[in-house]
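Trainee: Numbered by our numbering, the letters in the sequence shown go through residues 3 to 230 in order.
Using N, Cα and C, we set each Cβ at its ideal position, and we do this for glycine too.
Computed from a predicted structure; not experimentally measured.
A single structure is presented below for examination.
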Amino acid sequence: MDNKNSSSSSSSSSDGGDDNSIQQRPKIRWAPLEGNPELVHSNGVNLPVVAFIFLFPLTKNYEKHNEEEEVWLTKHEQNVNPDVIFFKQTIANACGMIALLHSLANNDSLVGPGLFRNLIDEAKDMSPEERAELLENSKELADIHGTCAQAGQTQAPDASEEVDLHFICFVVKNEHLYELDGRKLFPINHGKCLDFVEGAAKIMRQYIARDPDQSNFSAIALTKTPEE
């Protein structure tokens, strides 16, 4: 992937969803996570997982593209595999955790026993709104997130601080490339994909091209090791 900054030590945040029922609940804020692969490996996840977690800046160009994409997809609809598990983000600064959950939930056979396994199993038959509430009510997940936020190589911003970076996830389901972003209304199906790395890199390069003056882009590849 062509990226302008291969550093993986940036923090991020994002806005929650727009659903009215969600807005009625008190806003929850977590400290932003760092884009650090070591934090992923240290919390009992039985990697490998085939996914990309992508970090990029939230800019006016991105917001404009996001609005136009949402209008177009709402009007023309898209085919989304029902097996894709999608979480809406309603917790401020939780986009790093949401991206990790999207990576694991859509490759769940690689997740061992523990909190993530329990959350994914419980979330499978829920709506995105119900999944959001499930995460909001998980004190254990909030505690893990807080520990990771403080364990990074850079000092974590305060939970109340507004920052302008955001994590999303790319996965493949049934040979189709999906972009999973909890800020969006639904998963984005980028179409048939026989080469996951090239397909995801193509979309990430589009993000970079929309903001050529920005430099805070990075990606974490969760990879599958060869079987014995």
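1) Between Tyr180 and Pro189, what straight-line distance do the alpha-carbon atoms span, to the nearest angstrom?
2) Quick one: any contact between the stretch 56-68 and the stretch 211-227, if contact means 3 or more CB pairs under 8 Å?
3) Check the C-beta distance from Ala144 over to Thr92 and give it rounded, since I have them as a contact under 8 Å.
4) With 16 as the cutoff for other CB atoms within 10 Å, does Gly184 come out buried or exposed?
5) Counting pairs of beta carbons, one from the stretch 193-206 and one from the stretch 105-123, are three or more of them closer than 8 Å?
6) Whose C-alpha, out of Leu187, Ile146, Gln216, Lys186, is nearest the C-alpha of Leu167?
7) Go ahead and pull the three-state DSSP assignment for Leu112.
8) Excluding the 5 residues flanking Val82 on each side, which residues of the same chain have their C-beta closer than 6 Å to its C-beta?
9) Among the candidates Asn109, Thr76, Ile170, Glu69, whose CA atom is the shortest distance from the CA of Asp85?
Mentor: Put simply:
1) 7 Å
2) yes
3) Between Ala144 and Thr92, the beta carbon gap of about 13 Å keeps them out of contact (Cβ cut-off 8 Å).
4) buried
5) The stretch 193-206 vs the stretch 105-123: no contact.
6) Out of Leu187, Ile146, Gln216, Lys186, Gln216 has the C-alpha closest to the C-alpha of Leu167.
7) helix
8) Pro189, Asn191
9) It is Asn109.
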